[in-house]
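Q: Have a look at this one.
Right under this line is the structure:
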């Protein structure tokens, strides 16, 4: 553990980072951790943490929350609890390399505390480098899986020669190579993010390079999954396959052409152009989420199946209310999010629709606006507007009603209903004055035998919305 100094703030406040330097592989996910402490009371006043943010930059002496940075859209998450707050960054990019600091602010005088220095994050791409060769045996090479920063010592390494997997404890790999051999490397735990494949002994060799490591696509839409491939001899056979369907193959270790798979009947097509193969899947289904590989064979060579392919995630979009900013008499200002199961989805652009009309200013997964009861909202990925989310009513005033249409007399049975038609569903609460009443299923409060004491004003409130009121008059027998 490393206790860090306080840049500014109350002298009893502390921020602690377990690690001062982190090296992480491009494309992977990293957690930057910290704990913080503060006195529970100052001069008899209880301490309340009012704000907690991670940042890399300051603006007028105030930290700029990384969650507001467009470069981190949909890629950062705070994992916070009592006296700790961790920053998770997904789909790491080289531009994420920076010093990350944590700030928390309390209600006490001088309550802003910044842990400085912070945590230095270095994002690296893996590269295969030749470190030694033999004058007498030119086919023998010693290679290194190289990174621009020091990865943790507990990692071991995976090498992919011609698509076949080899494990090594250290970042070194030595062997006698053929002229047509290609090789790539990865770190254990991050196998999905290997280095580019390189030719070991020349400019050309057998290799497959996937255009995208991951693709997010909507249910019902179409997707193109492509790769380039180079071969030394004439290709005898080539095809795409889904490794997750191996239980359907005649031989467990022998991949089969996806075109022959009944799961994809009449939905797949493969096109070839200048050393590029493209697999098109139409009318996407949830079961199509998988990792797709390309394979080719010549008379003397077979490309193996271990090198990570392209991961396809099929998703549907959903609109969720993530934050209510302010509540007014007739409208509410709120923040909505276009949710999907794709992780990450940060490189996607979004389209928002309000009451059926396209909003041209909002292009990220979050949308902040003023919403009135009855407004409908939906979202879509840019370019796939025909596959937008279901329309939702993000804000719908609750309603309160009684089961009796006539006079209510003491001793009678009665149901009082408090609910909202909001979509997605919102929690409602029934009050009599300041007293909270327990609602049953479907938002119903049941009076078995109503009495004159039950007479009064009832209110029905839906989360951060304005309440609606009902006066219940009970007549004596």
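In the numbering used here, the protein residues as written are 7 to 483.
All residues carry an ideal CB built from backbone N, CA and C; glycine is no exception.
1. Cβ of residue 37 within 7 Å of Cβ of residue 92?
2. Tell me the start and end of each unbroken beta strand (DSSP E) in the stretch 154 to 218 that is at least 3 residues and wholly inside, in chain order.
3. Out of curiosity, what's the CA-to-CA distance linking residue 301 and residue 275?
4. What would DSSP say about residue 71, mapped onto helix, strand or coil?
5. For residue 43, report the span of its beta strand (DSSP E) as first-last.
6. Measure the alpha-carbon distance for residue 135 versus residue 170 and round it to whole angstroms.
7. Excluding sequence positions up to five away, which residues of its chain have a Cβ less than 6 Å from the Cβ of residue 126?
8. So which of 205, 204, 451 and 178 has the shortest CA-CA distance to residue 193?
9. Below 6 Å CB to CB, which residues in the same chain sit around residue 59 once its five sequence neighbours on both sides are set aside?
10. Please work out which residues of its chain come closer than 7 Å, Cβ to Cβ, to residue 167, disregarding the five sequence neighbours upstream and downstream, and give them in chain order.
11. How would you call residue 5, buried or exposed, if buried means at least 16 neighbouring beta carbons within 10 angstroms?
12. Rounded to whole angstroms, what is the Cα-Cα separation between residue 98 and residue 222?
13. For residue 324, which residues of its own chain have a beta-carbon under 6 Å away from its beta-carbon, when the five flanking residues on both sides are left out?
14. Note down, one range per segment and in chain order, each alpha helix (DSSP H) of at least 4 residues found wholly within the stretch 298 to 326.
15. Suppose the cutoff is 8 Å on Cβ atoms and the five residues either side in sequence are ignored; what does the same chain contact list for residue 381 look like?
16. Check whether the stretch 197 to 207 touches the stretch 254 to 262, taking contact to mean three or more Cβ pairs, one atom from each stretch, closer than 8 Å.
17. Rounded to whole angstroms, what is the Cα-Cα separation between residue 131 and residue 164?
18. Let me confirm a value: residue 95 is counted as buried when at least 16 other C-beta atoms fall within 10 Å, else exposed. Which label applies?
19. Is the Cβ-Cβ distance between residue 456 and residue 421 less than 7 Å?
20. Any idea what DSSP makes of residue 478, helix, strand or coil?
21. With DSSP as the reference, please indicate the residues paired to residue 241 in a beta bridge.
A: Judging by the given coordinates:
1. Within the chain shown, the letter at position 31 stands for residue 37. Within the chain shown, the letter at position 86 stands for residue 92. Yes, these two residues count as a Cβ contact at 7 Å.
2. 163 to 167, 170 to 174, 178 to 182, 188 to 193 and 213 to 216
3. By 1-based counting over the chain shown, the position of residue 301 is 295. By 1-based counting over the chain shown, the position of residue 275 is 269. If I take the Cα positions, the gap works out to 16 Å.
4. Walking along the chain shown from the start, residue 71 turns up at place 65. Strand at residue 71.
5. Translated into the one-based positions of the chain shown, residue 43 becomes position 37. First-last of the beta strand (DSSP E) with residue 43: 41 to 43.
6. One-based indexing of the chain shown puts residue 135 at position 129. One-based indexing of the chain shown puts residue 170 at position 164. In this structure, the straight-line span from the alpha carbon of residue 135 to that of residue 170 is close to 19 Å.
7. In the chain shown, counting from the first residue as 1, residue 126 sits at position 120. Taken in chain order, the residues that qualify are 27 and 105.
8. On the chain shown, position 187 is the one that residue 193 refers to. Minimum Cα distance to residue 193 is reached at 178.
9. Here residue 59 corresponds to residue number 53 of the chain shown, with the count starting at 1. If we look at residue 59 and ignore the five residues flanking it on each side, its Cβ neighbours are 69, 71 and 109.
10. Within the chain shown, residue 167 is the residue found at index 161, counting from 1. Counting only Cβ-Cβ distances below 7 Å, and skipping sequence neighbours, we find 187 and 189.
11. In this structure the chain extends from 7 to 483, so residue 5 is not present and cannot be described.
12. The count along the chain shown starts at 1 and reaches residue 98 at position 92. The count along the chain shown starts at 1 and reaches residue 222 at position 216. In a straight line, the C-alpha of residue 98 is about 17 Å away from that of residue 222.
13. Translated into the one-based positions of the chain shown, residue 324 becomes position 318. 345 and 395, listed in sequence order.
14. none
15. Reading the chain shown from its first residue, position 375 is the one you call residue 381. So the list reads 360, 361, 399, 400 and 401, once near-sequence residues are dropped.
16. With the cut-off at 8 Å, the stretch 197 to 207 and the stretch 254 to 262 do not touch.
17. Residue 131 sits at position 125 when you count from the first residue of the chain shown. Residue 164 sits at position 158 when you count from the first residue of the chain shown. The straight-line gap from Cα to Cα measures roughly 15 Å.
18. Mapped onto the chain shown, residue 95 falls at position 89. Buried: at least 16 other Cβ atoms inside 10 Å.
19. Position 450 of the chain shown, counted from the first residue, corresponds to residue 456. Position 415 of the chain shown, counted from the first residue, corresponds to residue 421. No, the Cβ-Cβ distance between residue 456 and residue 421 is not below 7 Å.
20. Walking along the chain shown from the start, residue 478 turns up at place 472. Reduced to three states, the DSSP call for residue 478 is strand.
21. Taking the first residue of the chain shown as position 1, residue 241 is located at position 235. Its beta-bridge partners are 304.
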